[in-house]
Structure formats: C-alpha cells, structure tokens
Amino acid sequence: MDEVKLLGMWLSPYSYRVIWALKQKGIAYEYREEDLSNQSPLLLQSNPVHKKIPVLIHGGKPICESSVILEYMEEIWPQNSLLSSDPYERAIARFWIKFADDKICGTKGEEQNKAIEESLEMLKTIEEDALGDKKFFGGDNISMVDIAFGGLAYWPGIVEKVVGTNLLEPHRFGRPQAWTKRFMEVPEIKENLPDLRRIVKKEN
8 MDEVKLLGMW LSPYSYRVIW ALKQKGIAYE YREEDLSNQS PLLLQSNPVH KKIPVLIHGG
68 KPICESSVIL EYMEEIWPQN SLLSSDPYER AIARFWIKFA DDKICGTKGE EQNKAIEESL
128 EMLKTIEEDA LGDKKFFGGD NISMVDIAFG GLAYWPGIVE KVVGTNLLEP HRFGRPQAWT
188 KRFMEVPEIK ENLPDLRRIV KKEN
C-alpha cells in the first residue's frame, strides 16, 4: 500500500474532517503538524497555490482542500463508504457538504457577533431542512455530510466557554444537539477530537 501522510493543524476543523474519514476507513497514515506562521517546505511544495492545510499525500502525490480529499478517499478506498451509491442521494450529500463548507468557520474579534448570528442561522437550517428525523445526516450510519459538519460538534462548546453564549439550546435546536451527542459518541470521532481546553486557552 502506498504511503499516506496528512499535513494538518490541531486547531483546524478541516484537518479533523480528513482524520475522521481516515479512521472510519481504517487507513494507516502519518500525521505531520504544521505551523501556518512558518510553513514547512513540504507544505509549500505540496500546496503552492494556497499554502494551506489539510493536504493528503498519497504515494507522493498531494491532494488539497478537505472536501476534495474526502471525495478522493471515497474513490481510492471504497470500504466503509461515506457516500450513498444512489446518484440522487450523492448529489444531496454534496449539496450539504457545500453548505457546510460555506457556513462553518471560526471567527473572533470584531466579527464574533456576526459569526454567532451566522451560526444560529446555520443551526436553524439544519434543524428545519437537513436532519429531519434521521439519526445522522445520511440515515443510520455516519456519512461524509456528518464529517463535513463535524466542526459543529465542538464549535458551540468553544463559543460557550469563550463568550458565554449557548448556541445549541435544546428548545431551539433539539435535532442538531441530539446529532452532536450521537456524532461525538462514534469511537473514531470520540477518540480523535481537539483538546477543548487548549482551544479555549488559545481563543482567550
């Protein structure tokens, strides 16, 4: 099997997307932590356009951008599939992955209140349109959409610790809150979460 390396950063939800998918598929890999204020020559060589993480290097070939990496992994390692075999269901999944790409972000300083407002709008959309009565976004099993929204599992906890705002109020967002609990109990997720205390310390 070709060597697999992941260039990432402990704080990045996009890095965790790739980590969770690798764990779900049972793929052995070497992880290399990157300092974005002092990028390594390997990162600059592997992603010369954006100079960002994550980057998956498979057999010496770099793949950039977390959503692109997830799609690549699904094609290369089809075991424990994270996408439905049905074309329509795959299209719907890609719609929600794009939604997650556009909406999930961490913002602080002057834009913090705006970020909280946008997060609340995102949660409202998930509550009303995305999850329904399903256990996970794709049904009974974790899917690529769940992994794309994975940052949502710990981001509200960070907001609550840093600014004292509880985003996942049960009476407003019962479905996303229930999903968060289920998602974080999946062994491959539970064993590979960022250190909340370290994140809060950094944000402060």
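When the letters of the sequence shown are read in order and numbered with my numbering, they come out as residues 8 to 211. All C-beta atoms in this analysis are idealised placements derived from N, C-alpha and C, irrespective of residue type, glycine included. Because the structure is a prediction, the values reported are computed rather than measured.
Closest Cα partner of residue i within the set the options
| i | options | result |
| --- | --- | --- |
| residue 192 | 181, 153, 65 | 153 |
| residue 63 | 31, 88, 77, 131 | 77 |
| residue 12 | 138, 158, 66 | 66 |
| residue 147 | 186, 53, 69, 75 | 186 |
| residue 143 | 74, 129, 188, 93 | 188 |
| residue 151 | 56, 68, 81, 39 | 81 |
| residue 201 | 108, 32, 21 | 21 |
| residue 8 | 54, 83, 60 | 83 |
| residue 106 | 145, 156, 60 | 156 |
| residue 19 | 50, 35, 60, 10 | 60 |
With 16 other Cβ atoms within 10 Å as the buried cut-off, status of residue i
| i | result |
| --- | --- |
| residue 23 | buried |
| residue 213 | Past the boundaries of the shown model lies residue 213; the chain is included only from 8 to 211, so the question cannot be answered. |
| residue 52 | exposed |
| residue 55 | exposed |
| residue 31 | buried |
DSSP three-state assignment for residue i, whether helix, strand or coil
| i | result |
| --- | --- |
| residue 158 | helix |
| residue 23 | helix |
| residue 149 | coil |
| residue 144 | coil |
| residue 15 | strand |
| residue 180 | coil |
| residue 103 | helix |
| residue 87 | coil |
| residue 134 | helix |
Are three or more beta carbon pairs between the stretch 91-109 and the stretch 44-64 nearer than 8 Å? Judged by Cβ distances under 8 Å, the stretch 91-109 makes no contact with the stretch 44-64, as fewer than three pairs qualify.
Unbroken alpha helix (DSSP H) runs of length 4 or more, entirely within the stretch 24-80: which are they? The qualifying runs are 48-53.
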